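Chains as they are written, first to last, in our numbering: chain A, 75 to 596; chain B, 426 to 548.
Glycine included, every Cβ here is placed at the ideal spot set by N, Cα and C.
In this text, all values refer to a predicted model and were calculated from it rather than measured experimentally.
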Amino acid sequence: MGRVTQILIANRGEIAVRVIRACRELGIPSVAVHSDADARAPHVLLADRAVRIGPAPPAESYLSIPTILNAARESGADAIHPGYGFLSENAAFARACADAGITFIGPPGDVIDRLGSKIAARAIAQKAGVPVVPGGTSADQSTEAIAASARSVGFPVLLKPSAGGGGIGMKTIRDERTLAAGIDQARREATAAFGDGTLYVERLIERPRHVEIQIVADDHGNVVHLFERECSVQRRHQKVVEETPSTALTPRLRQRMGDAAVALARAAGYRNAGTVEFLLDPSTGLGAGGMDSASFYFLEVNTRLQVEHPVTERVTGVDLVHAQIAVARGEPLPWAQGSLAQRGHAIEVRVYAEDPSRHDLPQAGPLLLYREPSMPGIRIDSGVTEGGEISVHYDPLIAKLIADGETRDIARRRAVEALRHYPILGIRTNVSFLIEVLEHPRFVAGDIDTRFLDVEGEQIRARSAPAVSDGVLEVARAVFTAKADVSRRLVRRSAEREGGSTAGEDGGANADPWDTLRGYRG
Amino acid sequence: MADALGNGRYLVSGRIAYAVREKGRVWVFIDGRTYVVESNDRDAPDRVHVTDDQVALAAPMPATVIAIKVAPGQAVAAGDLLVLLEAMKMELPITAPRAGRVTSLACREGELVQPGIPLLELD
């Protein structure tokens, strides 16, 4: 049981703002920390106190354990909320907090350690009876023995070099006919690439959906789940759109997945809020049992508050940060499993500073104009303001826009409408890309899997980049001329001084330069 | 002509647009789309002339070089991966803007590079 009378938030941006708001709601004094780049950031201005913790690079500020513990000591904070990212899943940090007599708002260090190791976490899942992706490395590496383990794992299978990584040398085997030849070829390739022909056999899940379960556990033996979030719209393992409920789940499947997540949390001795991630194989839901009996497999546990936690809050009506603080104080969970329910639908989109037309390149720069939409069913979690800046040092997340409604379609339409009224100027963003994702027929139909953006991304990108219209040019012209005639005359005079050398393609020396605008999509 | 409504808002064809000027260009937002409009004026003080290669072969922001995938003398095709950078927790691939031959490298693996400076030269 921990003391929580003043909370230091060891983070920045939207999640720091989110946690500080919860502290204020609960009447708990908050302490923000900031690097030099964030001296006037919203989380700093919102907190009751703020402590500078170093220069802009995260290693010297938000990731420095001694500096953050010092800030807690100096400010008198007796609890630390780590947010997500940075030190949130760092077992050494959780232990250092405990050693310093500071309550870490999250699971204990040894739980973070156990679940942070893929092998240990898989073992915990198996012990708890939670399915993992079938597979293994046979001690006998003869072709016959590997073929036997492929048959027991079930087709289609993936043969992976045990020594490998990054997808090199992986081979898909769909049926018995190509099995023996495929094993020999995979072994040759593994030997050539890694000097080791040992093969790992794993069931191939062809079009998986990413479905995760929110859990919260207290010190009194209570563990509940708060249903699922579907995060299949992702690229390079970065989530882009998240929602709940999942369109793939039936009540029976939801219960099976929730029970599995709770069993795993109990087996791991879990405390506080966490998320159990699963791969769901929709192809296993085509039989007589339908999706009720579909197969899902344990992926990993995120031992922290997730970026996408607001969609769960919108449909269950709970406040997960309040719950985290209550659990850290040693209080019992405020809800029993039976009192929790999903109502309506919520969709979150992540608004990033990035350029969809250039490989989603992160963008840094000033927010010259930034206006958040305010309309029914919209929540925006952000940590920026107009006049602020997206720094090269940190994550390019600008804000999360969460829309809810009675049905999925209403939530989706609300998200689109809000994005259409969300001007962010001075930096390129993915706003128009997000609109096209939400309007894509497959997304509208709920027909998504983790390869959705790999398959549809190019078409979505092309649609999100329309040509410059006359209306856009009219606005641009109005902006230039609104800057008073002075600048116009100055430009004219400089053209005259050049002796009319700007004549030609621009329409002559006396042409108003703002009359001939060139546009490109931002 | 669009009407200025104040505070960055404009009325055009019955719709509200948002716009802001940044030196020689204007950012415009209408109906969920963002555009950048540049003046054609050659004397605009902020206009910087750069070649396409300079843009394409430089880091778009301060970044760390993770891997250099080519060597001097090597022929590359348009779209080939040349250098892999990392910034803001993301990998940034620098690809060949055109076919050519690498004449020299101007960065090392592990180096922190600044934007605007080409990381290598193509002939």
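Residues that residue i contacts on chain B, provided the C-beta gap is smaller than 9 angstroms
{"i": "P282/A", "result": "Result: empty, since nearest Cβ-Cβ is about 23 angstroms, beyond 9 angstroms."}
{"i": "T503/A", "result": "T459"}
Residue i, enclosing beta strand (DSSP E) - first and last residue
{"i": "I154/A", "result": "A153 to H155"}
{"i": "R526/B", "result": "G525 to L530"}
{"i": "K245/A", "result": "K245 to I247"}
{"i": "E511/B", "result": "L506 to A512"}
{"i": "Q288/A", "result": "R283 to A291"}
{"i": "N346/A", "result": "N346 to D355"}
{"i": "G431/B", "result": "D428 to G431"}
{"i": "T455/A", "result": "A small correction: the amino acid at residue 455/A is Asp; Thr does not occupy that position in the sequence shown. Its beta strand (DSSP E) spans residues I452 to S456."}
{"i": "D456/B", "result": "From DSSP, D456/B is part of no beta strand (DSSP E); its letter is neither H nor E."}
{"i": "F160/A", "result": "Counting along the chain, F160/A falls outside any beta strand (DSSP E), and DSSP gives it neither H nor E."}
{"i": "E546/B", "result": "L545 to L547"}
Beta-carbon spacing of residue i, residue j below 8 angstroms
{"i": "S597/A", "j": "I89/A", "result": "Summary: the structure shown does not reach residue 597/A, with chain A confined to residues 75 through 596, and so no result is reported for it."}
{"i": "A96/A", "j": "H108/A", "result": "no"}
{"i": "L526/A", "j": "V285/A", "result": "The question names Leu, but residue 526/A in the sequence shown is Phe. Taking 8 angstroms as the Cβ cut-off, F526/A and V285/A do not qualify as a contacting pair."}
{"i": "F372/A", "j": "V206/A", "result": "yes"}
{"i": "L510/B", "j": "T489/B", "result": "yes"}
{"i": "A166/A", "j": "F178/A", "result": "no"}
{"i": "F268/A", "j": "Q416/A", "result": "no"}
{"i": "A512/B", "j": "M486/B", "result": "yes"}
{"i": "F554/A", "j": "V495/B", "result": "no"}
{"i": "A221/A", "j": "A254/A", "result": "yes"}
{"i": "V298/A", "j": "L161/A", "result": "no"}
{"i": "T377/A", "j": "L189/A", "result": "yes"}
Residue i - containing alpha helix (DSSP H), residue span
{"i": "H311/A", "result": "Where H311/A is concerned, there is no enclosing alpha helix (DSSP H), given that its DSSP letter is neither H nor E."}
{"i": "R123/A", "result": "Looking at the DSSP string, R123/A is not in any alpha helix (DSSP H); the run it does join, the beta strand (DSSP E), is R123 to G128."}
{"i": "M331/A", "result": "P325 to A341"}
{"i": "D270/A", "result": "Element bounds for D270/A: n/a, residue is neither H nor E."}
{"i": "E532/A", "result": "F526 to R537"}
{"i": "E513/A", "result": "V505 to E513"}
{"i": "T358/A", "result": "Note, T358/A: premise wrong, no alpha helix (DSSP H); not H, not E."}
{"i": "L143/A", "result": "I139 to S149"}
{"i": "E88/A", "result": "G87 to L100"}
{"i": "A488/B", "result": "Here A488/B belongs to no alpha helix (DSSP H); instead the beta strand (DSSP E) covers A488 to I493."}
{"i": "T520/B", "result": "From DSSP, T520/B is part of no alpha helix (DSSP H) but of the beta strand (DSSP E) over M515 to T520."}
Chain A residues whose Cβ lies nearer than 7 angstroms to that of residue i
{"i": "A512/B", "result": "P436 and V466"}
{"i": "A496/B", "result": "What A496/B touches in chain A: nothing, since even the nearest Cβ is about 21 angstroms away."}
{"i": "P518/B", "result": "H433"}
{"i": "P543/B", "result": "Those within 7 angstroms of P543/B in chain A number zero; the least Cβ separation is about 17 angstroms."}
{"i": "V437/B", "result": "G545, E548 and V549"}
{"i": "G433/B", "result": "L443"}
{"i": "E447/B", "result": "L442 and G500"}
{"i": "V451/B", "result": "A550, V553 and F554"}
Partner residues on chain B for residue i, Cβ-Cβ distance less than 8 angstroms
{"i": "V542/A", "result": "Y460 and V462"}
{"i": "S506/A", "result": "G457, R458 and T459"}
{"i": "L547/A", "result": "V462"}
{"i": "R494/A", "result": "D456 and G457"}
{"i": "P470/A", "result": "M513 and M515"}
Within chain B, the residues that residue i reaches when beta carbons sit closer than 7 angstroms
{"i": "E134/A", "result": "Simply none; closest approach about 14 angstroms."}
{"i": "R497/A", "result": "Residue 497/A is actually Pro in this sequence, not Arg. The answer, in chain order, is Y443 and F454."}
{"i": "I509/A", "result": "G457"}
Rounded distance between the beta-carbons of residue j and residue i, thought under 8 angstroms
{"i": "A115/A", "j": "R86/A", "result": "6 angstroms"}
{"i": "I27/A", "j": "A153/A", "result": "Examination of residue 27/A is not possible in this model, given that chain A is present from 75 through 596 alone."}
{"i": "A335/A", "j": "I287/A", "result": "4 angstroms"}
{"i": "Y426/A", "j": "I472/A", "result": "6 angstroms"}
{"i": "G525/B", "j": "L545/B", "result": "G525/B to L545/B, Cβ: 10 angstroms. No contact."}
{"i": "E317/A", "j": "R303/A", "result": "7 angstroms"}
{"i": "R453/A", "j": "P384/A", "result": "6 angstroms"}
{"i": "D292/A", "j": "V381/A", "result": "Not a contact, Cβ separation roughly 23 angstroms."}
Neighbouring residues, chain D, relative to residue i (Cβ below 9 angstroms)
{"i": "A427/B", "result": "Looking for chain D here will not work: the only protein chains present are A and B."}
Within chain A, the residues that residue i reaches when beta carbons sit closer than 8 angstroms
{"i": "V501/B", "result": "None at all; the shortest Cβ gap to chain A is about 17 angstroms."}
Contacts that residue i makes with chain A (C-beta to C-beta distance below 9 angstroms)
{"i": "P485/B", "result": "D429, R432, L435, P436, Q437 and A438"}
Under 8 angstroms, with one C-beta from each stretch per pair, do the region 270-288 of chain A and the region 226-239 of chain A reach the 3-pair mark?
In short, these stretches touch, since the Cβ pair count reaches three.
Could you check whether the region 510-522 of chain A touches the region 305-324 of chain A, counting it as contact only if at least three pairs of C-beta atoms, one from each stretch, sit closer than 8 angstroms?
Judged by Cβ distances under 8 angstroms, the region 510-522 of chain A makes contact with the region 305-324 of chain A, as three or more pairs qualify.
If contact is defined by three or more beta carbon pairs under 8 angstroms, each pair taking one atom from either stretch, is the region 420-430 of chain A in contact with the region 391-405 of chain A?
no
Between the region 494-507 of chain A and the region 538-547 of chain B, are three or more C-beta pairs nearer than 8 angstroms?
no
Pair every Cβ in the region 431-444 of chain A with every Cβ in the region 462-470 of chain A, then say whether three or more of these pairs are closer than 8 angstroms.
yes
For the region 207-224 of chain A and the region 256-265 of chain A, state whether three or more C-beta atom pairs, one from each stretch, are separated by less than 8 angstroms.
yes
Stretch-stretch touch, CB-based, cutoff 8 angstroms, three pairs: the region 137-154 of chain A with the region 347-355 of chain A:
no
Please confirm if the region 432-448 of chain B is in contact with the region 538-554 of chain A, defined as three or more CB-CB distances below 8 angstroms between the two stretches.
These segments touch.
Under 8 angstroms, with one C-beta from each stretch per pair, do the region 504-515 of chain A and the region 443-450 of chain A reach the 3-pair mark?
no
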